[in-house]
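Chains A and B supply the protein sequences, listed in that same order. For the first sequence, position 4 matches number 4 in UniProt numbering, and the numbering has no gaps at all. For the second sequence, position 284 matches number 284 in UniProt numbering, and the numbering has no gaps at all. See below for the structure under consideration.
Number of protein chains: 2
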Amino acid sequence: MSPEGTAVQTPAPAAPTGRRGRRAADVPALVERAREGDARSVARLISLVEDASPALREVAAALAPHTGRAQVLGLTGSPGVGKSTTTTALVRALRARELRVGVLAVDPSSPFSGGALLGDRVRMQDHAGDSGVYIRSMASRGHLGGLSWATPQALRVLDAAGCDVVLIETVGVGQSELEIASLADTTLVLVAPGMGDGIQAAKAGILEVADVFVVNKADRDGADTTVRDLRYMLSLGGRHSEAGHWRPPIVKTVASRDADNGMEQVLGKIEEHRAWLESSGEAHRRRTERAAREIEAIALASLRERMGDVHGSAALGTLADRVVAGESDPFTAADELLEQL
Amino acid sequence: MSPEGTAVQTPAPAAPTGRRGRRAADVPALVERAREGDARSVARLISLVEDASPALREVAAALAPHTGRAQVLGLTGSPGVGKSTTTTALVRALRARELRVGVLAVDPSSPFSGGALLGDRVRMQDHAGDSGVYIRSMASRGHLGGLSWATPQALRVLDAAGCDVVLIETVGVGQSELEIASLADTTLVLVAPGMGDGIQAAKAGILEVADVFVVNKADRDGADTTVRDLRYMLSLGGRHSEAGHWRPPIVKTVASRDADNGMEQVLGKIEEHRAWLESSGEAHRRRTERAAREIEAIALASLRERMGDVHGSAALGTLADRVVAGESDPFTAADELLEQL
């Protein structure tokens, strides 16, 4: 049993079949069933995009008209701050408001890994009938250990499937908190008291990405100190001190409690942030920038693929070697990369 | 006068002329003169690459055979830790070893901004004759406020011009410390005691990028606490705790002193790190990865340029808008981006 919560391990959803013969017939039906709330179809679609199956483009095209509705929440923090417990509590609070919720756990250390689920507190993703909650673990195979490039595509599946809220949970190390912030409308950064200055410090790279700070385990000693430290860090400036910018609020929670756990306050701040996003025009700016980055990344990946090497390493590696050896320069190498299309 | 040191503001080097008529004849001669140690030619070449002039590709091609020699040092840290003073002191120590040194200051808050220089302690870049030191401020106009994309090209100019060491100084905020680490062979992270837990914490995003920690202003109260805190943070893990990895040493300095300022110890650790890089094969891996990223970035920039919009925002923006509106999907948009070549 994880100290994080009551999550239970279950088998991962079935891997994509890879049977090309089924693909053409499958996608429209899968999308149709996913939109009707069929959890297995949602899981299949995510598998198709996650494994960059041949159906990936067909899936993306079929989803497009149905996307753009979901509110995307990012949840990040160091190991041990209670991300999974908080995810569980947030999902319950959202379900109490009768919202449909998707969870993408991009965290190798998460108890949700391998397609596990939130146990007895919420329904499982491949439960028959209406679940209202889809939970999916994503492989953390993005570059720099961050979010998988498939995460935005899985997000599109859950959005198209009618999730009102999609919560992306990732451990806050390296690049992942920057990537989650680029995907999410609102990024929650979890911290916890009493973990020592060192860990406290290790979390500070998240200052720039936090829209809402959640001080979890607030019934422990040192919670007020943690809040004060965060306030102090925020007062030191960065983007948050500029006029017209959102100043991240700090909410204290005890996510492990069944009631009075602070989740209503968190949801309240998320709503305030959403209102600010819309009124400031930041919402549209973020969504457009997100799409532009996604297009760019796919275009670059597509370039590599067209060079006859799915991973791009061989051709690019050869060009890089020549640049390192002084036999070529990066501009000539880039031209060659493009000419090889 | 900046509290950071004795830097003096001087006019920036001349902007690139943009006179296309001069370009074809200039580049080979400029490279030739730069390699002979002419500081003005070095400055001109950096201006040509920095402003993405039409001569950029010609410059890059002309430089390529002469690159790959320089040792690249990154220097990053929060404002106020003494980056400029340390840069000054390091340059002096390197000059005492009769090494040719280039400095690229990518820091809007740096007293070197606008092409300023290290004042009376080292010779100015456009000083006639042998200077042994080139100093150049780079515009911090990269995405996410980080290093300008021109920084790798300026690095190539200094490398080709015969600099034994190129020191890239940047303020440690947002992405810039990750970008500097991707450019540098050895990344020095500066911290200073007595700046409060908050600032201490704000520096912790740099844990992952530090090859050598420099605790500057070590004559101040709290220096030992800072060293202890760093040791503790390092002990918490991350890449440094894995076998075969470099464990970043911590060096105490008082960069403002004329002697016994700790720079010899810093240079000693840099040499140890260089030896580790070479023996572990990490040196080649880093250089190849650096070149590959550079090629990729240029290829993508080139794609945008070919679409008839140098900045790529219009065409990509239109595609992104369509994806946001659900009228297209990112894969179709990426195909369209590529087809418009």
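Think of the CB as a built atom: it goes at the ideal place given N, C-alpha and C, for glycine as much as any other residue.
Residue range of the beta strand (DSSP E) that S137 of chain A falls in?
The residue labelled residue 137 of chain A in the question sits at position 137 within the first sequence. First-last of the beta strand (DSSP E) with S137 of chain A: 133-137.
Counting only the same chain and skipping the five closest in sequence on each side, list residues whose C-beta sits under 7 Å from that of A181 of chain B.
Residue mapping note: residue 181 of chain B aligns to position 181 of the second sequence, counting from 1. Once the five neighbours on either side are set aside, the close Cβ partners of A181 of chain B are G74, T187, V209.
Counting only the same chain and skipping the five closest in sequence on each side, list residues whose C-beta sits under 8 Å from that of V191 of chain B.
Here residue 191 of chain B is taken as the residue at index 191 of the second sequence, counted from 1. Correct list, in chain order: G77, S78, V81, Q200, K203, F213, V214, V215, N216, T226, L230.
Would you list the one or two residues that DSSP bridges to V189 of chain A?
Translated into the one-based positions of the first sequence, residue 189 of chain A becomes position 189. V189 of chain A is bridged to A:T76, A:F213.
Between D164 of chain A and chain B, is any beta-carbon pair separated by less than 9 Å?
Stepping through the first sequence from its first residue, residue 164 of chain A is reached at position 164. No, no contact with chain B.
Is the CB of E46 of chain A under 9 Å away from at least one CB in chain B?
Residue numbering aside, residue 46 of chain A sits at position 46 when the first sequence is read from its first letter. Note on residue identity: the sequence assigns Ile, not Glu, to residue 46 of chain A. No, because no Cβ of chain B sits closer than 9 Å to the Cβ of I46 of chain A.
Taking D185 of chain B as the reference, which of B:I298, B:D164, B:G222 has the closest Cα?
Walking along the second sequence from the start, residue 185 of chain B turns up at place 185. Of B:I298, B:D164, B:G222, the residue nearest in Cα terms is B:D164.
Taking all protein chains shown into account, do 16 or more other C-beta atoms lie within 10 angstroms of the C-beta of S328 of chain B, making it buried, or fewer, making it exposed?
Here residue 328 of chain B refers to the residue found at position 328 when the second sequence is read from its first residue. Label assigned to S328 of chain B: buried.
Just curious, the beta strand (DSSP E) that A255 of chain B is in, first and last residue?
The sequence position of residue 255 of chain B within the second sequence is 255, counting from 1. Taken as a continuous stretch (DSSP letters only), A255 of chain B belongs to no beta strand (DSSP E), as it is neither H nor E.
Express the C-alpha separation of W276 of chain B and E282 of chain B in angstroms, rounding to a whole number.
What you label residue 282 of chain B is simply residue 282 of the second sequence in a count that begins at 1. What you label residue 276 of chain B is simply residue 276 of the second sequence in a count that begins at 1. Answer to the nearest angstrom: the Cα atoms are 8 Å apart.
Does any C-beta atom of chain A lie closer than 9 Å to the C-beta of F213 of chain B?
Counting from 1 along the second sequence, the entry for residue 213 of chain B is found at position 213. Taking Cβ atoms only, chain A never reaches closer than 9 Å to F213 of chain B, which makes this a no.
Kindly list, in the order they appear in chain B, the residues whose Cβ is closer than 9 Å to that of L222 of chain A.
Here residue 222 of chain A refers to the residue found at position 222 of the first sequence. The amino acid occupying residue 222 of chain A in the given sequence is Gly; Leu does not appear at that position. Within chain B, no residue comes near G222 of chain A; the closest Cβ sits about 13 Å away, beyond 9 Å.
Shortest alpha-carbon distance to residue 342 of chain A belongs to which of A:G132, A:D335, A:L319, A:T151?
Because chain A here runs from 1 to 341, residue 342 of chain A falls outside it and cannot be looked at.
Specify, as a first and last residue, the run of the alpha helix (DSSP H) that R99 of chain B falls within.
As a working mapping, residue 99 of chain B is identified with position 99 in the second sequence. First, the amino acid is wrong: residue 99 of chain B is Leu here, not Arg. It is not in any alpha helix (DSSP H) - L99 of chain B carries neither H nor E in the DSSP assignment.
Using a C-beta cutoff of 9 Å, does L183 of chain A count as contacting chain B?
Your numbering for residue 183 of chain A matches position 183 in the first sequence. Judged by the 9 Å Cβ criterion, L183 of chain A is not in contact with chain B.
Please state whether the Cβ-Cβ distance between A299 of chain A and A334 of chain B is less than 9 Å.
The sequence position of residue 299 of chain A within the first sequence is 299, counting from 1. The sequence position of residue 334 of chain B within the second sequence is 334, counting from 1. Yes. Within cutoff.
What are the boundary residues of the alpha helix (DSSP H) that includes S47 of chain B?
Residue numbering aside, residue 47 of chain B sits at position 47 when the second sequence is read from its first letter. 39-50 is the span of the alpha helix (DSSP H), which, as asked, contains S47 of chain B.
Give me whichever residues DSSP pairs with residue 371 of chain A in a beta bridge.
With chain A represented from 1 up to 341, any question about residue 371 of chain A goes unanswered, as that position is not in the structure.
Select from A:A325, A:Q340, A:L94 the residue whose C-alpha is nearest the C-alpha of G262 of chain A.
Reading the first sequence from its first residue, position 262 is the one you call residue 262 of chain A. Checked all of A:A325, A:Q340, A:L94; the closest Cα to G262 of chain A is A:L94.
Ends of the alpha helix (DSSP H) at H273 of chain B?
Indexing the second sequence from 1 puts residue 273 of chain B at position 273. H273 of chain B -> alpha helix (DSSP H) spans 263-280.
From S84 of chain A to A223 of chain A, what does the alpha carbon distance come to, in whole angstroms?
One-based indexing of the first sequence puts residue 84 of chain A at position 84. One-based indexing of the first sequence puts residue 223 of chain A at position 223. Rounded to the nearest angstrom, the two C-alpha atoms are 19 Å apart.
Determine whether the Cβ of T151 of chain B lies closer than 9 Å to any Cβ atom of chain A.
The residue given as residue 151 of chain B occupies position 151 in the second sequence. T151 of chain B does not count as touching chain A.
Quick check on DSSP: helix, strand or coil for V251 of chain B?
Indexing the second sequence from 1 puts residue 251 of chain B at position 251. Three-state result, V251 of chain B: strand.
What separation, rounded to the nearest whole angstrom, lies between the Cα atoms of L158 of chain A and E264 of chain A?
Along the first sequence, read from residue 1 onward, the residue named residue 158 of chain A stands at position 158. Along the first sequence, read from residue 1 onward, the residue named residue 264 of chain A stands at position 264. Computed Cα separation, rounded: 23 Å.
Which value, in whole angstroms, describes the spacing of the CA atoms of D51 of chain B and G102 of chain B?
Within the second sequence, the letter at position 51 stands for residue 51 of chain B. Within the second sequence, the letter at position 102 stands for residue 102 of chain B. Each residue's alpha carbon lies about 19 Å from the other.
Less than 9 Å between the C-beta atoms of R69 of chain A and G162 of chain A, yes or no?
Counting from 1 along the first sequence, the entry for residue 69 of chain A is found at position 69. Counting from 1 along the first sequence, the entry for residue 162 of chain A is found at position 162. Taking 9 Å as the Cβ cut-off, R69 of chain A and G162 of chain A qualify as a contacting pair.
Less than 8 Å between C-beta atoms, sequence neighbours within five positions excluded: which residues of the same chain meet that for E294 of chain A?
The sequence position of residue 294 of chain A within the first sequence is 294, counting from 1. So the list reads P152, once near-sequence residues are dropped.
If distances are taken between C-alpha atoms only, which option among A:A61, A:L234, A:A34, A:E289 comes closest to G317 of chain B?
Stepping through the second sequence from its first residue, residue 317 of chain B is reached at position 317. Of the listed residues, the one whose Cα sits closest to G317 of chain B is A:E289.
Helix, strand or coil for D221 of chain A per DSSP?
Against the first sequence, residue 221 of chain A aligns to sequence position 221. D221 of chain A falls in the coil class under three-state DSSP.
For R287 of chain A, go through chain B and note every residue whose CB falls closer than 7 Å to its CB, in chain order.
Position 287 of the first sequence, counting from 1, holds the residue named residue 287 of chain A. Simply V324.
For S53 of chain A, which three-state DSSP category applies?
On the first sequence, residue 53 of chain A is found 53 positions in, with the first residue counted as 1. Coil.
Please list the terminal residues of the continuous alpha helix (DSSP H) segment that includes D335 of chain B.
Residue mapping note: residue 335 of chain B aligns to position 335 of the second sequence, counting from 1. Note, D335 of chain B: alpha helix (DSSP H), 330-339.
Quick one: is G68 of chain A near chain B, going by C-beta distance under 9 Å?
Residue 68 of chain A sits at position 68 when you count from the first residue of the first sequence. Closer than 9 Å to some Cβ of chain B, the Cβ of G68 of chain A qualifies, so yes.
Please decide whether E271 of chain B counts as near chain A, where near means a Cβ-Cβ distance under 9 Å.
As a working mapping, residue 271 of chain B is identified with position 271 in the second sequence. So no, E271 of chain B is outside the interface.
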